[in-house]
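The structure under discussion appears below in the form of structure tokens.
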Amino acid sequence: MPTPTEQPSPTPAATAAAETPVIEFRDVEKRFGDNVVLKDLDFTVGRGERVTLIGPSGSGKTTILRLVMTLEELTGGYIFVDGEPLTHEERDGRRVPVSKKHQKNLRTRIGMVFQQFNLFPNMTVLENIVEAPIHVLGRSKQEAVAKAHDLLEQVGLSDKAHAHPTSLSGGQQQRVAIARALAMDPEILLLDEVTSALDPEVVGEVLNILRRVAETTDVTMLIVTHEMSFARDVSHKVMMFDGGHVVESGPPEKIFSEPDHDRTKAFLGAVL
Ligand code: ADP
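Its first residue numbered 879, the sequence shown is counted upward by one per residue in the working numbering.
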């Protein structure tokens, strides 16, 4: 019998099982017109868990992130953040929208980094980073600026605080976008193909920053990426999607090395 000190510490996933999930999808449906992209989708993400969504193009991965960020309208079912309904709740057996104020409140806990950076082009790098902490969280300018400088140092861009995004390379813009998301101290960080628009030689620097974020913070991450070695390194769980359904999910060593499903094998065979 191992002594207690020999026991491995519980994984975030195992710990999370006993807690309220940070993200829960329950019976989620998303349609664009007649196109049903997600149907009867259920999954949970535990506190501090890093989950990567993989699967062919068009399988609904980005839509899932955009639903969590409330950038898409949920057409059926429920999404919960920290156990609280994000868009709709059930009241007297009916599905009713939550208040805008409640939703805005929950939204402040979620940060997202996009494929196309989405920085404000008319603002400097520093202004991009302090905008939401000041105007959404109500932080003082002094506090927001100090934190922004800290974050710029972490992403290696201390000398670019007063530059405009358009004068930066793609890799630099993406590093600013990561700093901007982290400036809100998000509980949840959504990463949507953050290296897909970058030149191959700068992909590594962006992924290394995200590896460090994963190692040094307990932020919960939901990741869509085609970078399989990054997914393998940082994820606690990988979910393979096809046609809006979870084909299989499990720890990266299982999904990447011994997938159960032919669909997963074919997908990985094509991308690895
Ligand atoms: P993935 O991220 O797996 O490539 P997406 O979530 O981007 O997949 O897309 C899933 C499906 O939803 C696709 O069929 C896509 O055409 C459709 N879709 C996504 N966004 C929209 C939109 N704004 N309007 C209409 N259809 C959309």
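Even for Gly, the Cβ is constructed at its ideal location relative to N, Cα and C.
Item, Value
"Alpha carbon of ILE1012 to alpha carbon of PHE1134, nearest angstrom", "42 Å"
"Limits of the beta strand (DSSP E) - the one that SER1135 falls within", "It is not in any beta strand (DSSP E) - SER1135 instead sits in the alpha helix (DSSP H) that spans 1130 to 1135."
"Secondary structure of PRO880, DSSP reduced to three states", "The predicted model places PRO880 with a pLDDT of 42, which falls under 50 and marks its position as unreliable; any figure quoted below should be read in that light. Three-state DSSP puts PRO880 in coil, outside helix and strand."
"Boundaries (first-last residue) of the beta strand (DSSP E) holding GLY955", "954 to 959"
"Own chain partners of ALA1039 with C-beta closer than 8 Å, once the 5 adjacent residues on each side are dropped", "THR1002, VAL1003, LEU1004, ALA1026, HIS1027, LEU1030"
"Continuous beta strand (DSSP E) assignments of at least 3 residues falling wholly in the stretch 1014 to 1055", "none"
"Through-space distance from GLY971 to LEU1088, alpha-carbon basis", "42 Å"
"GLY1121 versus GLY1128: straight-line alpha-carbon distance, rounded", "19 Å"
"Endpoints, alpha helix (DSSP H) assigned at MET1118", "MET1118 -> not in any alpha helix (DSSP H); beta strand (DSSP E) instead, spanning 1115 to 1120."
"Buried or exposed (CB count within 10 angstroms, at least 16 for buried), LEU1150", "exposed"
"Pairwise C-alpha distance: GLU968 and SER1045", "48 Å"
"GLY954: CB within 7 Å of a non-hydrogen atom of the ligand ADP", "no"
"Burial state of SER977 (16 or more Cβ within 10 Å)", "exposed"
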